[in-house]
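Working notes, structure below.
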Amino acid sequence: MWLWWLWEGLLTGVRQVAGLWWLILLFIGIQILKDAGWLGRASRYMAPVLRPLRLPGEAGVPMAAGLGIGLTYGAGVLIQTAREGRLTRDELTVMCVFLGICHAIFEETVLFAAAGANGLLLLAIRLAAAALFGWLAARAWLRPTEQASPVPDEVRTR
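First residue of the sequence shown? That's 1 in the UniProt record's numbering, and the numbers climb one at a time after it.
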């Protein structure tokens, strides 16, 4: 009997990992875009949008990942960005404040709208709250001209 449970658990685990195929494709796609120079160009276009949060354009890809696919899967992009040292510790903090309030906007808005909430109102409130608290966090942690402390080496090497 316990062998059957073990077998079922193993099959469930394999199915769960196999269900993440799209995440592997996402990371491969991001690497291809980075190697081709497209992420650098996209960063220039994202810079004006992120300016009120005092974030550089390089924060655009992890921000889009967190907004689009949520914190669970977007965390991989955030961690990779931190390891590469493209954002400072304080910039990552501001970005996480924003994403902590407003992440997976498509999935969660549809989910709550299906449960009876007003989807547009929910989306507007989440975006406004994230913008407000992200703006406040940027004023608290980031100076307009001063660079914050870089991500420590122990974070990059993990």
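Even for Gly, the Cβ is constructed at its ideal location relative to N, Cα and C.
Counting C-beta neighbours from all protein chains within 10 Å, is the total for residue i 16 or more, i.e. buried, or is it exposed?
| i | result |
| --- | --- |
| Phe27 | exposed |
| Leu39 | buried |
| Ala104 | buried |
| Phe98 | buried |
| Pro48 | exposed |
| Glu58 | buried |
| Asp90 | buried |
| Pro62 | buried |
| Leu78 | buried |
| Thr12 | exposed |
| Arg86 | buried |
| Gly74 | buried |
| Ala137 | buried |
| Met1 | exposed |
What would DSSP say about residue i, mapped onto helix, strand or coil?
| i | result |
| --- | --- |
| Ala36 | coil |
| Met46 | helix |
| Gly76 | helix |
| Leu53 | helix |
| Met1 | coil |
Every unbroken alpha helix (DSSP H) inside the segment 78 to 151 [4 residues or more]: 89 to 101, 105 to 114, 119 to 141
Any 3 or more C-beta pairs closer than 8 Å across the segment 36 to 56 and the segment 94 to 111: yes
For a minimum of 4 consecutive residues, which ranges assigned as the alpha helix (DSSP H) are wholly contained in the segment 6 to 35? 21 to 35
Is the segment 69 to 88 touching the segment 101 to 116, taking contact as three or more C-beta pairs under 8 Å? yes
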